[in-house]
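Reading through the structure tokens given below for one structure.
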Amino acid sequence: MAHDSPYSKDSPFAAKLLKNINLSGENSGKEIRHFEISLSGSGLNYEVGDALGVVPANEQCVVDELLAVTGFNKDATVVWNGKNKTLQELFFNDLDITALSKVLVKKYQELTQSADLLTLINDPDTEKLTNYVYGRDLADLIRDYPCTTLTPEGLVSILRKIPPRLYSIASSIKAHPEQVHLTVGIVRYDAHGRKRNGVCSSYLSDRIAEGKTVPCYVHSNPRFRLPADSNVPVIMVGPGTGIAPFRAFLEERKATSAKGKNWLFFGDRSEKTDFIYRDELEAYQKSGLLTHLSLAWSRDQAQKIYVQNKMLEQSKEFYAWLQAGAYFYICGDASRMAKDVHQALIDIVCKESSCSPADGEAYIKNLVKEKRYLKDVY
């Protein structure tokens with residue numbers, strides 16, 4: 144929680160970036176970075192499980208592309224939120240010009256009255272619009288469906304403010320006073336003839352030098368907390384960047400001398416290139432803070448192994464922990480990993496208690512009801 148601080152989503156704090164470290168090994172297919180940010184002078188505080196909201200700016204090359212395709216003068220002024228602003232300033236700092244959505248496509252069609260775009264929107268095969276939106280931005284839309292009567296005021300009127308991005312906090316403030324750490328996967332891809340970057344991840348990695356400031360605020364997440372009783376065991380499943388809040392949990396458990404056992408399931412593609420925070424985790428294991436460290440490397444052998452496979456391998460002890468009152472946490476990809484882990488939980492309960500799938504589901508539902516099954520998925 145942000146105690147005694149005037150800073151919030153609407154009024155973010157300009158926090159100094161202290162460190163930007165690439166955690167991924169050479170030849171990794173991923174780029175995961177560790178950021179350390181100073182909260183000194185902000186009055187901001189947080190609890191483990193919270194998120195940091197980061198308010199990014201757009202890339203200059205994306206702004207230039209949009210200005211080129213519209214033919215607008217970057218110095219043209221528009222009234223936005225009661226203030227006169229140049230298009231350069233609006234497109235760079237204020238407006239979302241990268242995320243193309245079905246809603247924005249429809250607003251643009253209404254503004255331009257494009258017959259071709261109306262055909263796409265009204266196509267009975269809704270997948271066509273879904274596929275069109277994927278991987279494209281505002282400049283692509285205007286290039287593909289040009290409008291000679293488009294005005295700066297008209298375009299600005301249909302755009303939303305750049306939304307902040309929320310990142311699970313990867314540190315305990317008890318371990319790092321007046322600091323907040325993040326674990327961020329940097330998004331880079333090619334689509335429709337152009338190189339693209341994730342707005343916020345590339346903002347942090349490429350455009351904010353160490354010593355410069357990042358506009359940010361604390362976003363409280365009271366539904367993702369460690370047990371109030373520090374003697375309670377915890378099981379954490381967080382592959383890839385999903386490890387972020389669990390790094391914070393372990394730092395907190397160490398700082399508070401918590402007696403509860405800790406079990407972490409972590410993994411990614413390859414141990415050689417993707418074992419982020421390896422030294423920290425192995426030190427925690429050696430000291431006994433981390434009772435078990437179960438690792439799953441999907442590409443290091445012929446058959447893919449994921450965190451849910453590691454859970455099933457150790458189902459007997461896993462179930463014993465649940466029976467002993469363990470809290471179960473999951474962080475990361477909502478679309479596949481979280482569903483597979485949820486099914487593995489049910490399978491473990493069914494196997495170890497010799498119950499039906501329906502009873503296994505009821506057991507898991509009860510964990511949720513008792514607030515012992517907590518998710519931070521995206």
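In short: position in the sequence shown from 1, add 143, done, that's the working numbering.
Note that beta-carbon positions come from the ideal geometry of N, C-alpha and C, so glycine has one too.
Leaving out five residues before and five after Asp443 in sequence, what residues of the same chain have Cβ atoms less than 7 Å from its Cβ?
Numbered from its first residue, the sequence shown carries residue 443 at position 300. Within the same chain, Asp443 has close Cβ partners Ser413, Glu414.
Inter-stretch contact at 8 Å, needing at least 3 Cβ pairs: the segment 465-472 / the segment 367-376
Yes: the two stretches touch, three or more of their Cβ pairs being nearer than 8 Å.
Lys518 lies in the beta strand (DSSP E); which residues open and close that run?
Walking along the sequence shown from the start, residue 518 turns up at place 375. In the DSSP annotation of this structure, the continuous segment of the beta strand (DSSP E) that includes Lys518 starts and ends at 516-520.
Considering only C-alpha positions, which residue in the set Leu517, Ala211, Ile180 is nearest to Val197?
Sequence index remark: in the sequence shown, residue 197 carries index 54 (1-based). Of Leu517, Ala211, Ile180, the residue nearest in Cα terms is Ile180.
Smallest Cα separation from Leu298: which of Phe234, Cys359, Tyr275?
Position 155 of the sequence shown, counted from the first residue, corresponds to residue 298. The residue with the shortest Cα to Cα distance from Leu298 is Phe234.
Compute the Euclidean distance between the alpha carbons of Gly168 and Ile175, then round it to the nearest angstrom.
Here residue 168 refers to the residue found at position 25 of the sequence shown. Here residue 175 refers to the residue found at position 32 of the sequence shown. So the two alpha carbons sit approximately 9 Å from each other.
Taking three-plus beta-carbon pairs below 8 Å as touching, is the segment 246-260 in contact with the segment 200-207?
Flag = no, the segment 246-260 and the segment 200-207 do not touch.
Segment contact, 8 Å Cβ cut-off, at least three pairs: the segment 437-453 with the segment 352-361:
Output reads no: the segment 352-361 does not touch the segment 437-453.
With distances taken Cα to Cα, identify the nearest neighbour of Gly354 among Leu284, Gly186, Ala158, Ala439.
Position 211 of the sequence shown, counting from 1, holds the residue named residue 354. Closest option to Gly354, Cα to Cα, is Ala158.
Could you check the C-alpha separation between Ala477 and Ser311 for me, to the nearest Å?
Counted from its first residue, the sequence shown places residue 477 at position 334. Counted from its first residue, the sequence shown places residue 311 at position 168. Separation of Ala477 and Ser311 (C-alpha to C-alpha, rounded to the nearest whole angstrom) is 14 Å.
Using the Cα positions of Ala318 and Lys397, report the straight-line distance between them to the nearest angstrom.
Here the question's residue 318 lines up with position 175 in the sequence shown. Here the question's residue 397 lines up with position 254 in the sequence shown. Looking at the two C-alpha atoms, the distance is approximately 9 Å.
Leu293 and Thr213: beta carbons closer than 8 Å?
The sequence position of residue 293 within the sequence shown is 150, counting from 1. The sequence position of residue 213 within the sequence shown is 70, counting from 1. Inclusion of Leu293 and Thr213 in the CB contact set at 8 Å is warranted, their separation being smaller than that value.
Own chain residues within Cβ distance below 6 Å of Lys506, not counting five before or after
Stepping through the sequence shown from its first residue, residue 506 is reached at position 363. Lys is not the amino acid found at residue 506; the sequence shown has Tyr there. Beyond the five residues adjoining it in sequence on each side, Tyr506 comes within less than 6 Å, by CB distance, of Val492 in the same chain, given in chain order.
CA nearest to the CA of Ile378, picked from Leu393, Pro365, Thr384, Arg366:
Against the sequence shown, residue 378 aligns to sequence position 235. With distances taken between Cα atoms, Ile378 lies closest to Leu393.
Please list the terminal residues of the continuous beta strand (DSSP E) segment that includes Tyr310.
Looking up residue 310 in the sequence shown gives position 167. Unbroken beta strand (DSSP E) run through Tyr310: 308-311.
Label Asp153 either buried or exposed according to how many other C-beta atoms from any shown protein chain fall within 10 Å of its C-beta, with 16 as the threshold for buried.
Within the sequence shown, the letter at position 10 stands for residue 153. Burial call: exposed.
Rounded to whole angstroms, what is the Cα-Cα separation between Gln252 and Ile285?
In the sequence shown, counting from the first residue as 1, residue 252 sits at position 109. In the sequence shown, counting from the first residue as 1, residue 285 sits at position 142. One C-alpha to the other measures close to 10 Å.
Quick check: Ala487 and Pro388, are their CB atoms within less than 8 Å of each other?
If you number the sequence shown from 1, residue 487 lands on position 344. If you number the sequence shown from 1, residue 388 lands on position 245. Not closer than 8 Å, so no.
Go through its chain and collect everything with a Cβ distance to Ser345's Cβ below 8 Å, but skip five positions before and after it.
What you label residue 345 is simply residue 202 of the sequence shown in a count that begins at 1. The answer, listed in chain order, is Glu202, Ile329, Val330, Arg331.
Give me the residue from Gly383, His435, Trp406, Leu432 with the minimum Cα distance to Thr416.
On the sequence shown, residue 416 is found 273 positions in, with the first residue counted as 1. That would be Gly383, whose Cα lies nearest to the Cα of Thr416.
Distance between Leu347 and Ile164 (C-alpha atoms, nearest Å):
What you label residue 164 is simply residue 21 of the sequence shown in a count that begins at 1. What you label residue 347 is simply residue 204 of the sequence shown in a count that begins at 1. Rounded to whole angstroms, Ile164 to Leu347 spans 11 Å at the Cα level.
Which partner residues of Thr356 appear in the DSSP bridge assignment?
For the purposes of this step, residue 356 is identified with residue 213 of the sequence shown, where counting begins at 1. Lys159, per the DSSP bridge assignment.
Below 8 Å, how does it come out for the segment 178-194 and the segment 333-343: are there three or more Cβ pairs, yes or no?
With contact defined as three or more Cβ pairs closer than 8 Å, the segment 178-194 and the segment 333-343 are not in contact.
Could you pull out every unbroken alpha helix (DSSP H) segment of at least 4 residues lying fully inside the segment 454-514, listed in chain order?
Fully contained in the segment 454-514 are the following alpha helix (DSSP H) runs of length 4 or more, in chain order: 458-466, 480-496, 500-512.
Ordered list of beta strand (DSSP E) runs contained in the segment 268-317, each at least 3 residues:
Those beta strand (DSSP E) runs which fall completely within the segment 268-317 and span 3+ residues are 308-311.
Beta-carbon separation of Leu432 and Glu321 under 8 Å?
Taking the first residue of the sequence shown as 1, we reach residue 432 at position 289. Taking the first residue of the sequence shown as 1, we reach residue 321 at position 178. Cβ distance not < 8 Å, so Leu432 and Glu321 don't count as in contact.
Three-way DSSP call (helix, strand, coil) for Ser348 in this model
Here residue 348 is taken as the residue at index 205 of the sequence shown, counted from 1. If DSSP states are grouped into helix, strand and coil, Ser348 belongs with the helices.
Taking the Cβ atom as the reference point for each residue, do Ser441 and Gly410 lie within a distance shorter than 8 Å?
Locating residue 441 in the sequence shown gives position 298, where the first residue counts as 1. Locating residue 410 in the sequence shown gives position 267, where the first residue counts as 1. Ser441 places its beta carbon less than 8 Å from that of Gly410.
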